[in-house]
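The block underneath contains the structure these notes are about, expressed in structure tokens.
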Ligand SMILES: NC(=O)c1ccc[n+]([C@@H]2O[C@H](COP(=O)([O-])OP(=O)(O)OC[C@H]3O[C@@H](n4cnc5c(N)ncnc54)[C@H](OP(=O)(O)O)[C@@H]3O)[C@@H](O)[C@H]2O)c1
């Protein structure tokens with residue numbers, strides 16, 4: 508099997524109302540920054556190799572942010588891949604900043620959002636950003652969505668889109684009603700929330716977005732900083748001759764056709780393992796067994 512076909516095995520998705528089609532198996536770049544998503548990578552050559560290997564294997568959807576590092580991840584992407592291959596979709600996000608104490612602070616004023624777009628453009632070496640996610644609640648990866656208006660921030664991004672600096676707008680860490688509110692201002696092409704085999708709180712939301720053709724891009728698809736651990740997951744993986752992480756990713760691909768994967772890794776070996784998840788077919792019985800993991804974790808109702 509050629510390398511080119513690896514990412515393609517998970518299938519493709521076209522963002523709604525756009526001509527942008529990506530492989531469903533993409534890559535999340537957050538793990539390329541140093542410990543605590545701060546500073547340079549432990550192994551800069553490995554970071555470059557991961558990005559180049561991903562693109563060589565057909566990945567054309569990379570998730571990033573200028574607050575990873577800060578700036579570090581975008582600069583590594585530029586160093587590894589610029590000039591970018593045709594069709595590569597780089598998705599970035601706004602809504603937070605990282606002061607020198609390494610904390611995560613909100614950056615949601617019109618001025619901060621506008622500066623954020625220019626920072627991303629400069630660090631990525633682009634004239635327009637393919638997709639910008641407004642990340643609500645900005646502070647810290649572990650904070651879940653909170654209700655509240657995001658209209659002011661979405662209006663700023665819509666204005667930057669009219670200026671040609673952003674091609675498409677997405678939302679992150681949001682609720683269904685926040686998506687509806689944003690859609691009164693602009694088109695929304697993707698939603699990026701915390702979701703995986705164990706954390707299933709967005710199940711109904713995913714189905715709603717699928718009906719609208721909007722991409723759902725789970726962050727922490729492998730469980731995040733502490734990857735998923737479950738004896739049922741290990742049992743299934745052993746039976747299929749695969750790894751638990753591959754099964755977790757394959758389950759997401761089976762869960763809904765609008766789910767796009769952006770697993771994060773700093774290792775070429777893990778990248779290759781994750782790309783191979785697109786080869787796995789899960790039977791209805793296996794899917795039911797895997798659904799049981801969320802039921803026992805209490806995130807899916809009986
Ligand atoms: N919108 C948001 O608020 C938000 C929040 C968090 C993340 N994100 C985005 O979502 C992407 C994915 O999330 P994430 O990277 O935090 O978490 P993740 O993809 O769920 O998991 C990453 C962790 O899993 C490990 N890993 C990856 N592949 C593995 C494999 N095959 N076997 C064993 N361990 C493996 C990584 O370590 P190694 O480096 O050792 O492989 C890392 O510790 C990020 O990269 C980022 O782009 C967005």
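Numbering (the working numbering), first residue to last: 508 to 809.
In this text, a Cβ means the ideal position worked out from N, Cα and C, and glycines have one as well.
Considering only DSSP beta bridges, list what residue i is partnered with.
{"i": "residue 667", "result": "According to DSSP, residue 667 bridges with nothing at all."}
{"i": "residue 642", "result": "679"}
{"i": "residue 702", "result": "The partner list for residue 702 (beta bridge, DSSP) is empty, contrary to what the question assumes."}
{"i": "residue 723", "result": "698 and 766"}
{"i": "residue 772", "result": "According to DSSP, residue 772 bridges with nothing at all."}
{"i": "residue 687", "result": "According to DSSP, residue 687 bridges with nothing at all."}
{"i": "residue 535", "result": "570 and 771"}
{"i": "residue 598", "result": "570 and 638"}
{"i": "residue 520", "result": "529"}
{"i": "residue 674", "result": "In DSSP, residue 674 forms no bridge with anything."}
{"i": "residue 563", "result": "Looking at the DSSP assignment, residue 563 forms no beta bridge with any residue, so it has no partner."}
{"i": "residue 612", "result": "604"}
{"i": "residue 576", "result": "545"}
Please state whether the Cβ-Cβ distance between residue i and residue j is less than 7 Å.
{"i": "residue 537", "j": "residue 591", "result": "no"}
{"i": "residue 583", "j": "residue 554", "result": "yes"}
{"i": "residue 570", "j": "residue 535", "result": "yes"}
{"i": "residue 627", "j": "residue 715", "result": "no"}
{"i": "residue 640", "j": "residue 578", "result": "no"}
{"i": "residue 658", "j": "residue 688", "result": "yes"}
{"i": "residue 709", "j": "residue 700", "result": "yes"}
{"i": "residue 681", "j": "residue 643", "result": "yes"}
{"i": "residue 513", "j": "residue 594", "result": "no"}
{"i": "residue 697", "j": "residue 677", "result": "yes"}
{"i": "residue 599", "j": "residue 636", "result": "yes"}
{"i": "residue 741", "j": "residue 751", "result": "yes"}
{"i": "residue 660", "j": "residue 692", "result": "no"}
{"i": "residue 533", "j": "residue 713", "result": "no"}
{"i": "residue 800", "j": "residue 738", "result": "no"}
{"i": "residue 782", "j": "residue 758", "result": "no"}
{"i": "residue 756", "j": "residue 784", "result": "yes"}
Classify residue i: buried if its beta carbon has 16 or more other beta carbons within 10 angstroms, exposed otherwise.
{"i": "residue 605", "result": "buried"}
{"i": "residue 618", "result": "exposed"}
{"i": "residue 567", "result": "buried"}
{"i": "residue 726", "result": "buried"}
{"i": "residue 520", "result": "buried"}
{"i": "residue 559", "result": "exposed"}
{"i": "residue 722", "result": "buried"}
{"i": "residue 748", "result": "exposed"}
{"i": "residue 524", "result": "exposed"}
{"i": "residue 655", "result": "exposed"}
{"i": "residue 518", "result": "exposed"}
Would you report the Cα separation of residue i and residue j, rounded to the nearest angstrom?
{"i": "residue 557", "j": "residue 551", "result": "10 Å"}
{"i": "residue 509", "j": "residue 623", "result": "At residue 509 the pLDDT is 48, less than 50, meaning the model places this residue with poor confidence; the figure from the coordinates comes in the next sentence. Looking at the two C-alpha atoms, the distance is approximately 38 Å."}
{"i": "residue 787", "j": "residue 621", "result": "42 Å"}
{"i": "residue 705", "j": "residue 516", "result": "24 Å"}
{"i": "residue 808", "j": "residue 548", "result": "41 Å"}
{"i": "residue 634", "j": "residue 672", "result": "7 Å"}
{"i": "residue 511", "j": "residue 589", "result": "Because the pLDDT of residue 511 is 49, which lies under 50, any placement of that residue in the model is unreliable, and the number read from its coordinates should be weighed accordingly. Computed Cα separation, rounded: 19 Å."}
{"i": "residue 760", "j": "residue 766", "result": "6 Å"}
{"i": "residue 498", "j": "residue 746", "result": "Nothing in the structure corresponds to residue 498, since the chain is present only between 508 and 809."}
{"i": "residue 731", "j": "residue 774", "result": "15 Å"}
{"i": "residue 603", "j": "residue 685", "result": "18 Å"}
{"i": "residue 668", "j": "residue 744", "result": "44 Å"}
{"i": "residue 530", "j": "residue 717", "result": "17 Å"}
{"i": "residue 608", "j": "residue 543", "result": "12 Å"}
{"i": "residue 679", "j": "residue 790", "result": "31 Å"}
{"i": "residue 597", "j": "residue 638", "result": "7 Å"}
{"i": "residue 612", "j": "residue 694", "result": "27 Å"}
{"i": "residue 804", "j": "residue 632", "result": "43 Å"}
{"i": "residue 585", "j": "residue 522", "result": "23 Å"}
{"i": "residue 587", "j": "residue 778", "result": "16 Å"}
{"i": "residue 653", "j": "residue 663", "result": "20 Å"}
{"i": "residue 526", "j": "residue 762", "result": "24 Å"}
{"i": "residue 707", "j": "residue 806", "result": "6 Å"}
{"i": "residue 795", "j": "residue 764", "result": "18 Å"}
{"i": "residue 793", "j": "residue 651", "result": "29 Å"}
{"i": "residue 675", "j": "residue 733", "result": "32 Å"}
{"i": "residue 690", "j": "residue 736", "result": "37 Å"}
{"i": "residue 610", "j": "residue 539", "result": "18 Å"}
{"i": "residue 780", "j": "residue 772", "result": "10 Å"}
{"i": "residue 601", "j": "residue 625", "result": "11 Å"}
Are the C-beta of residue i and some C-beta of chain B separated by less than 7 Å?
{"i": "residue 734", "result": "Among the chains in the structure shown there is no chain B, since it carries only a single protein chain."}
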